[in-house]
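Asker: Note that the protein sequences, when read in sequence, are chains A and B. Under the numbering used here, the first residue of the first sequence carries the number 1126, and numbering increases by one thereafter. Under the numbering used here, the first residue of the second sequence carries the number 1126, and numbering increases by one thereafter. Ideal Cβ positions, reconstructed from N, Cα and C, are used throughout, including at glycine. Please read these numbers as outputs of a predicted model, since none were measured by experiment. Input: one structure, supplied below.
There are 2 protein chains.
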Amino acid sequence: MTQNKRDISRERNRMALIEAALDCVAELGMANTSVSEIIGRSGLSRGMIHLHFNGKAKLMEAAIAHSSDLYYEALDRLLEQAGSDASPQARIEAIVRSDLSAEVLNTRSVRIWYAFRGEAHNHEIIRLYSDTRHDRLRKLIYQPFLAIFREVGADDPAGVARDVTHGTLALMEGMWTDFLLHPDSFDRDAACRIVFRFLAALCPQHFDLPGAREDG
Amino acid sequence: MTQNKRDISRERNRMALIEAALDCVAELGMANTSVSEIIGRSGLSRGMIHLHFNGKAKLMEAAIAHSSDLYYEALDRLLEQAGSDASPQARIEAIVRSDLSAEVLNTRSVRIWYAFRGEAHNHEIIRLYSDTRHDRLRKLIYQPFLAIFREVGADDPAGVARDVTHGTLALMEGMWTDFLLHPDSFDRDAACRIVFRFLAALCPQHFDLPGAREDG
DNA sequence: GGTGTAAATGGACGACTGTCCATTTACAGT
DNA sequence: ACTGTAAATGGACAGTCGTCCATTTACACC
């Protein structure tokens, strides 16, 4: 068998350390995440971090990688169940709704994400994962926008799609920040509505929200 | 005289500690900002932090307060020179341009801001200053939007203005994040253009950018 | 100039940090 | 059941953390 009782135990302990580290970051922040805290939460012994990761720094790198994986998995799951053969506007809507859903955007995930990013300039790896995540989301949303602006015969569909993609990502980023600072009063529906109101104004034929454009 | 040589020296040292602390946060992040580092940068002696602030925690609180003041001052200065008797759309434009200008948004300021906010949930004071800053910006931008949507006779001008204000702030927030992660490749003009493109789509009569709306 | 008082110094202090290794434990293969 | 090997333990270790205070310095007032 490829999975010994040993290997299973090893892998389980490895993951326990990563999860404990992420819990720690979410609750206490980067500054207060110590080896002792992580060990205490995992219930394992002190030497495990050095054994599995060769030090705290490498553990944190594994933690950011895992955190990124969790984000992708949740996003993919939601997008898959939304259907991939939908219209461009439906795909964009699904992405926005997924990115702002409770499964992807919650207290734990947002705190971890901002804690890591607050230290991005000190750790190459964090920047790398941050960029990868951003690029992937950008590509996912750029294609449908490009299709839309080609369809309506825009002068420079690629340019417009690029700008609108950039703006839409910035909008979602801002909504994440809102959630970080006020998780209790945050209104997911309102956040979606505002994003769609902006998109409806930019392409009323595709996101036909009544009253999106109040002027003109 | 109200300002002794002593008082001046005292105040100068106090500020030196705050500035050193902010430099530290900007360069090393919250996690690596230690008393020793701050002292080293300020050139003062170890006991000064306890003497002036009664501990590191209080010094950091003073630092976030000072950082917030710097933001307001720079923003006010730019808005004042833009003129306050301008049209609603000109005022909004001035706010957006100021918030994305080099004076307000630079490597130091953005790193400090995100470092503090990454730990917001641990420190009541940080959340307080973050909220205050956000509220102030929101009010500054809400009024002109309200004027615009009243002027065009929107069904629910207050509601629309609220949503558009929310979205515009989120957009700017997203642009700040872009700058944090890629200060070298960040394009201020492009960032402004994208914000205005979105606003032009929402109210074409007021932000008449050619080609803002490609569809409809 | 002498004196009182506040500012400033810098080292001592215990607590805690992350690393690492000698030891123990437990599973896999024979 | 025995043995070899990898996993896991938990304490020792040097280094750094933030706090605090006895001492020195320097200014303001008389």
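Does any residue of chain B have a CB that is nearer than 8 Å to the CB of A:ALA1219?
Answerer: So, not an interface residue.
Asker: Quick one: using the 10 Å Cβ neighbour count with 16 as the cut-off for buried, is B:ARG1222 buried or exposed?
Answerer: buried
Asker: Determine whether the Cβ of B:MET1155 lies closer than 8 Å to any Cβ atom of chain A.
Answerer: yes
Asker: With a cut-off of 8 Å on the beta carbons, I'd call A:GLU1244 and B:GLY1154 a contact; round off their distance for me.
Answerer: 4 Å
Asker: Could you run through the region 1128–1154 of chain A and flag, in chain order, every residue whose CB is less than 8 Å away from some CB of chain B?
Answerer: Answer set for the region 1128–1154 of chain A: LEU1153, GLY1154.
Asker: For A:THR1257, decide whether its Cβ has a neighbour in chain B, counting only Cβ atoms nearer than 8 Å.
Answerer: With a threshold of 8 Å between beta carbons, A:THR1257 makes no contact with chain B.
Asker: Pull up the distance between the alpha-carbon of B:LEU1306 and that of B:ARG1275, whole angstroms please.
Answerer: CA-CA distance, B:LEU1306 to B:ARG1275, rounds to 38 Å.
Asker: Could you compute how far the alpha carbon of A:ARG1171 sits from the alpha carbon of A:LYS1183?
Answerer: 15 Å
Asker: Secondary structure at A:PHE1311, three-state DSSP: helix, strand or coil?
Answerer: coil
Asker: Can you name the residues of chain A whose CB is closer than 7 Å to the CB of B:GLU1298?
Answerer: GLU1298, GLY1299, THR1302
Asker: Listing by chain order, which chain A residues have their CB less than 9 Å from the CB of B:TYR1267?
Answerer: What B:TYR1267 touches in chain A: nothing, since even the nearest Cβ is about 14 Å away.
Asker: By how many angstroms is the C-alpha of B:VAL1320 removed from the C-alpha of B:ASP1312?
Answerer: 13 Å
Asker: Is there a Cβ from chain B that is less than 8 Å from the Cβ of A:ARG1242?
Answerer: yes
Asker: Looking at the unbroken alpha helix (DSSP H) that takes in A:HIS1175, where does it start and where does it end?
Answerer: Its alpha helix (DSSP H) spans residues 1173–1178.
Asker: What is the DSSP secondary structure of A:GLY1278, counted as helix, strand or coil?
Answerer: coil
Asker: Select from A:LEU1271, A:ILE1133, A:GLU1298, A:GLY1284 the residue whose C-alpha is nearest the C-alpha of A:VAL1235.
Answerer: A:GLU1298
Asker: Is it right to say A:GLU1218 is buried, meaning 16 or more other beta carbons lie within 10 angstroms of its own, or is it exposed?
Answerer: Buried.
Asker: Mapping DSSP to helix, strand and coil, what is A:PRO1213?
Answerer: helix
Asker: Name, please, each residue of chain B whose Cβ falls closer than 8 Å to the Cβ of A:TYR1239.
Answerer: TYR1239, ARG1242, GLY1243
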